[in-house]
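A.B. asks: Chains E and A are the protein sequences, given in the same order.
Once you know that position 97 of the first sequence is 96 in numbering that gives the first Met the number 0, the rest is easy, because the numbers rise by one and skip nothing.
Once you know that position 207 of the second sequence is 206 in numbering that gives the first Met the number 0, the rest is easy, because the numbers rise by one and skip nothing.
In this text, a Cβ means the ideal position worked out from N, Cα and C, and glycines have one as well.
Quick caveat, the model's predicted, so the values are computed rather than measured.
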Amino acid sequence: MNQRHTHQATSETTVEEKVRKVELLISNLLRFGVLASLVLIIGGTLLSLAHHSEYLTSGVSFQRFIEPTDAVPHSLAGLATGLKAFSGTAIAVLGILLLIATPVVRVGVSIFAFIYQRDRLYTLITATVFCLLLLSFALGKVE
Amino acid sequence: MNLLQFDLSVLAISVVAGGLGSLLGLGGGIIIIPVLTLLFHIDIRYAIGASIVSVIATSSGAAAAYVRERMTNLRVAMVLELATSAGALTGAYLAGQLAVRWLYVIFGIVMGYSALMMFRKRHEALDEVAVRAPWADYLRLHSSYYDERAGREIFYRVARTRVGLMLMYVAGVVSGLLGIGSGALKVPAMDLAMRLPIKVSTATSNFMIGVTAAASAGVYFVRGDINPIIVAPVATGVLIGAVVGSRLLGRLHGTTIRLVFVAVLLWVSGEMLLKGLRG
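Here it is as structure tokens:
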């Protein structure tokens, strides 16, 4: 009896409660993405600074580090190699990529959130936005 | 200057950029790019790469709080993202086929005009005008948010959704073509055309700019323009600034935000005009 009662209560979750749940989900997702990328970026930077402590004390100009080099990972394969070597730079790059991915993941998760709300119109709108995003991602890579 | 000094000074400037960006719904690009290129003599390629990441950092850093506080209108954001991402695709397609120079002049003028209009209605209180808004009704865009400064729930109606969509499409094309100005065009469109409260406009724009920037960030990464040595202090600072800034928005007066936005918009407009006229 009691069990059935609770069951009924959950199935009658109001639309507003569902919307609120979705808001909190998106907010938490963003918060997690931001925190995790911060930890990786700061950790990676500190690690690479620790490895190259001589650069902090000596007068070596920072300009040296920002000249174009191949040492900077700019492909996923390069990133994987760097991560295996536990390179601080690679860890920072992973954090940066996670930061970049967060808004895209947010749109993807919103699709399911609108399905959960049984909101067909907004499921369709969000799915279209997601496809457009993937399309521009794909087109950009071709160039 | 050694690396640590570079990191710390960029970090400090980025905190300010992130704070300002989160309050105004802009990416930090207007501050980050000139600082990196003029002050630290960094290659423009890397400066743009860092600025793209800073836009995403501003957006995600502040949006967590804005969504929780219902300052962001999620439905408006989703609907308008349709137009901006379609526009960004068009812009990327048109890139290289148009004389970009005149676009700078045109949008410099558009932004200057928007700044003027926003300045003129700076004291206008939000009255619930019962305009007919069939599109906004159908899309259920009308909403409310709790204004900390006013100490009450503010209900608002969204007007002229179609005009807003068209303006957002243009904003998308421009940011796809020029790589800048996405937030600077989004906020006036929501504020002037769709009549959203200024705080909702900046918070919603803030939410949207991250998506647009993320779409193009992949390209910059593959090109090698995202240099972690520069991006790391920028992203860290901007994230911290955005989280702090997002706590402030609710407490500030709408007119204050509007005035600061107008000043920044005039600045961007001037920069664009100069760029266009100098060629």
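Report yes or no: do the stretch 152 to 161 of chain A and the stretch 189 to 203 of chain A share at least 3 C-beta pairs separated by less than 8 Å?
C.D. replies: The stretch 152 to 161 of chain A vs the stretch 189 to 203 of chain A: in contact.
A.B. asks: Measure from the C-beta of residue 46 of chain E to each C-beta in chain A and report whether the shortest distance is under 8 Å.
C.D. replies: Working through the first sequence from its first residue, we reach residue 46 of chain E at position 47. By this cut-off, residue 46 of chain E is not an interface position.
A.B. asks: Secondary structure at residue 74 of chain E, three-state DSSP: helix, strand or coil?
C.D. replies: Here residue 74 of chain E refers to the residue found at position 75 when the first sequence is read from its first residue. In the structure shown, residue 74 of chain E sits in coil (DSSP, three-state: anything other than H, G, I, E or B).
A.B. asks: Would you kindly check if the distance between the Cβ of residue 76 of chain E and the Cβ of residue 43 of chain E is under 8 Å?
C.D. replies: Sequence index remark: in the first sequence, residue 43 of chain E carries index 44 (1-based). Sequence index remark: in the first sequence, residue 76 of chain E carries index 77 (1-based). Result no, Cβ atoms of residue 43 of chain E and residue 76 of chain E do not sit closer than 8 Å.
A.B. asks: Rounding to the nearest angstrom, what Cα-Cα distance links residue 28 of chain E and residue 277 of chain A in this structure?
C.D. replies: Taking the first residue of the first sequence as 1, we reach residue 28 of chain E at position 29. Taking the first residue of the second sequence as 1, we reach residue 277 of chain A at position 278. For residue 28 of chain E and residue 277 of chain A, the distance between alpha carbons rounds to 44 Å.
A.B. asks: Please list the partners that residue 167 of chain A has in chain E, where partner means a Cβ-to-Cβ separation under 7 Å.
C.D. replies: For the purposes of this step, residue 167 of chain A is identified with residue 168 of the second sequence, where counting begins at 1. Ordered by position in chain E, no residue passes the 7 Å Cβ test against residue 167 of chain A, which lies about 12 Å from the chain.
A.B. asks: Rounded to a whole number of angstroms, what is the C-alpha to C-alpha distance between residue 13 of chain A and residue 27 of chain A?
C.D. replies: Position 14 of the second sequence, counting from 1, holds the residue named residue 13 of chain A. Position 28 of the second sequence, counting from 1, holds the residue named residue 27 of chain A. Computed Cα separation, rounded: 8 Å.
A.B. asks: Measure how close the beta-carbons of residue 62 of chain A and residue 226 of chain A come, nearest whole angstrom, since I'm counting them as under 8 Å.
C.D. replies: For the purposes of this step, residue 62 of chain A is taken as the residue at position 63 of the second sequence. For the purposes of this step, residue 226 of chain A is taken as the residue at position 227 of the second sequence. At roughly 26 Å, the Cβ-Cβ gap does not stay under 8 Å, so residue 62 of chain A and residue 226 of chain A are not in contact.
A.B. asks: Bridge partners of residue 142 of chain A, per DSSP?
C.D. replies: Taking the first residue of the second sequence as position 1, residue 142 of chain A is located at position 143. In DSSP, residue 142 of chain A forms a bridge with A/155.
A.B. asks: Let me know the beta strand (DSSP E) ranges lying completely inside the stretch 42 to 116 of chain A, each 3 residues or longer, listed in chain order.
C.D. replies: Runs of the beta strand (DSSP E) inside the stretch 42 to 116 of chain A: none found.
A.B. asks: Any contact between the stretch 83 to 92 of chain A and the stretch 251 to 265 of chain A? By contact I mean 3 or more CB pairs, one from each, below 8 Å.
C.D. replies: Too few Cβ pairs lie closer than 8 Å, so no.
A.B. asks: Whose C-beta lies closer than 7 Å to the C-beta of residue 19 of chain E among residues of the same chain, with five residues either side of it excluded?
C.D. replies: Counting from one through the first sequence, the residue named residue 19 of chain E turns up at place 20. Once the five neighbours on either side are set aside, residue 19 of chain E has no close Cβ partner at all.
A.B. asks: What residues in the stretch 72 to 84 of chain A bring their beta carbon closer than 8 Å to a beta carbon of chain B?
C.D. replies: Among the protein chains in the structure shown, which are E and A, there is no chain B.
A.B. asks: I'd like to know if the stretch 216 to 224 of chain A and the stretch 51 to 59 of chain A are in contact, where contact means that at least 3 CB-CB pairs between them fall below 8 Å.
C.D. replies: Result yes; three or more Cβ-Cβ pairs closer than 8 Å.
A.B. asks: Does any C-beta atom of chain E lie closer than 8 Å to the C-beta of residue 67 of chain A?
C.D. replies: Residue numbering aside, residue 67 of chain A sits at position 68 when the second sequence is read from its first letter. Residue 67 of chain A counts as touching chain E.
A.B. asks: To the nearest whole angstrom, what separates the beta carbons of residue 3 of chain A and residue 235 of chain A, a pair I think is in contact under 8 Å?
C.D. replies: Numbered from 1 along the second sequence, position 4 holds the residue referred to as residue 3 of chain A. Numbered from 1 along the second sequence, position 236 holds the residue referred to as residue 235 of chain A. With 8 Å as the limit, residue 3 of chain A and residue 235 of chain A do not qualify as a contact, their Cβ atoms being about 14 Å apart.
A.B. asks: Is residue 114 of chain E close to chain A? Criterion is C-beta to C-beta, closer than 8 Å.
C.D. replies: Numbered from 1 along the first sequence, position 115 holds the residue referred to as residue 114 of chain E. Chain A contact via Cβ: absent.
A.B. asks: Are the CB atoms of residue 199 of chain A and residue 70 of chain A within a distance shorter than 8 Å?
C.D. replies: Position 71 of the second sequence, counting from 1, holds the residue named residue 70 of chain A. Position 200 of the second sequence, counting from 1, holds the residue named residue 199 of chain A. Closer than 8 Å, so yes.
A.B. asks: If we define contact as Cβ-Cβ less than 8 Å, is residue 117 of chain E a contact residue for chain A?
C.D. replies: Translated into positions along the first sequence, residue 117 of chain E becomes position 118. So no, residue 117 of chain E is outside the interface.
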